[in-house]
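Residue numbers (my numbering): 9 to 273. Encoded as structure tokens, the structure appears first; notes follow it.
Written out as structure tokens, the structure reads:
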């Protein structure tokens with residue numbers, strides 16, 4: 009049985025003007041000054057993120073140093089081993105679709121790691137006038153919309169994730185994890201890295217994962233963001249999937265910080 013209220017955070021404080029943008033997840037944040045980030049505001053952002061999962065800051069006046077400061081409010085930041093750092097700040101990396109692969113498959117970042125990232129923050133530097141949107145899915149909602157019998161069945165399973173031949177990294181995580189802040193249950197598999205449920209036979213595992221992938225990728229669970237230069241978007245990597253809408257050949261240049269992870273339970 010799903011309990012969607014246990015451990016739920018209190019509403020974000022009035023220090024932020026939050027405007028929900030979709031039925032399940034996502035809120036625009038207005039009235040936030042990144043140059044005046046104090047402890048109370050950081051706590052309000054953390055609370056809002058736990059509730060809305062994706063926070064959109066339209067046209068935020070910030071730079072690489074400000075992006076690092078915002079990310080650091082959520083924990084230790086990743087120093088990427090090979091992506092280019094921005095302005096000599098090792099925690100801020102550059103993502104350029106003119107040089108790197110486009111993330112056009114629904115996924116949760118780096119679930120092939122034992123402790124996948126907690127959150128990511130993107131700052132749009134250059135984008136086309138139209139196209140190149142990003143979508144996110146609420147993995148709490150995809151779990152809660154399943155029948156109680158299916159929820160109970162999945163609760164006893166794990167899934168092996170690997171990096172798809174990019175290296176030799178793999179990890180085993182619960183199919184349903186619990187959000188450490190809210191207590192909400194999360195369907196924690198996705199098409200890009202989830203490979204096999206070891207408690208089932210291979211045909212059973214393939215059939216179940218195929219069903220779960222189709223189920224969770226329904227548009228009704230999603231929010232979509234149309235980028236403009238200067239936008240900053242932050243998302244909870246524990247409870248969302250995301251994808252680039254790869255409908256234009258034009259360049260997208262972004263800066264990113266990643267908050268180091270916790271162990272899914």
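The C-beta atom is built at its ideal place from N, Cα and C for all residues, glycine as well.
Measure the C-alpha to C-alpha separation of residue 107 and residue 259 and round it to an integer number of angstroms. 9 Å
CA nearest to the CA of residue 62, picked from 236, 146, 156, 77: 146
Can you tell me the Cβ-Cβ gap for residue 58 and residue 189, rounded? I've got them flagged as a contact below 8 Å. 5 Å
CA-CA distance, residue 268 and residue 217? 27 Å
Would you mind stating whether residue 102 and residue 87 have Cβ atoms separated by less than 7 Å? no
What separation, rounded to the nearest whole angstrom, lies between the Cα atoms of residue 184 and residue 162? 7 Å
Please list the terminal residues of the continuous alpha helix (DSSP H) segment that includes residue 223. 210-224
Give a yes or no on whether the C-beta atoms belonging to residue 84 and residue 64 are separated by under 7 Å. no
Check the DSSP bridge columns for residue 242 and list the partner residues they point to. 63, 129
Alpha carbon to alpha carbon, how far is residue 262 from residue 140? 12 Å
Measure how close the beta-carbons of residue 125 and residue 236 come, nearest whole angstrom, since I'm counting them as under 8 Å. Between residue 236 and residue 125 the Cβ distance is about 25 Å, and since that is not below 8 Å, they are no contact.
Starting from residue 84, follow the alpha helix (DSSP H) in both directions and report where the run begins and ends. Neither: residue 84 is in no alpha helix (DSSP H) and is coded neither H nor E.
State buried or exposed for residue 79, treating a residue as buried only when at least 16 other CB atoms are found within 10 Å of its CB. buried
Residue 112, buried or exposed, once every other Cβ within 10 Å from all chains shown has been counted against 16: exposed
Does the structure place the region 163-177 close enough to the region 246-256 that three or more beta carbon pairs sit under 8 Å? no
Please classify residue 185: does DSSP put it in a helix, a strand, or coil? strand
Distance CB(residue 144)-CB(residue 231) smaller than 7 Å: yes
Fully enclosed by the region 91-167, which beta strand (DSSP E) runs are 3 residues long or longer? 97-104, 127-134, 142-146
With 7 Å set as the bound, which would you pick, yes or no: does the beta-carbon of residue 219 sit closer than that to a beta-carbon of chain E? Included in the structure is just one protein chain, with no chain E present.
Put residue 47 into one of helix, strand or coil per three-state DSSP. helix
My understanding is that residue 233 touches residue 142, with C-beta atoms under 8 Å, so please give their C-beta distance in whole angstroms. 5 Å
Can you tell me which of the three DSSP states residue 202 falls into? strand
Among the candidates 158, 225, 121, whose CA atom is the shortest distance from the CA of residue 180? 121
Applying the criterion that 16 or more other CB atoms from any shown protein chain within 10 Å of the CB defines a buried residue, is residue 201 buried or exposed? buried
Cβ neighbours of residue 197 in the same chain (closer than 7 Å, five flanking residues each side left out): 167, 183, 217, 220
Can you tell me whether residue 25 is buried or exposed? The criterion is at least 16 other CB atoms within 10 Å of its CB, across all chains shown. exposed
Closer than 8 Å by C-beta to residue 273: which residues in its own chain qualify, once you throw out the five before and the five after it? Chain order, please. 182, 185, 186, 188
Taking the DSSP output, what are the residues bridged to residue 28? 35
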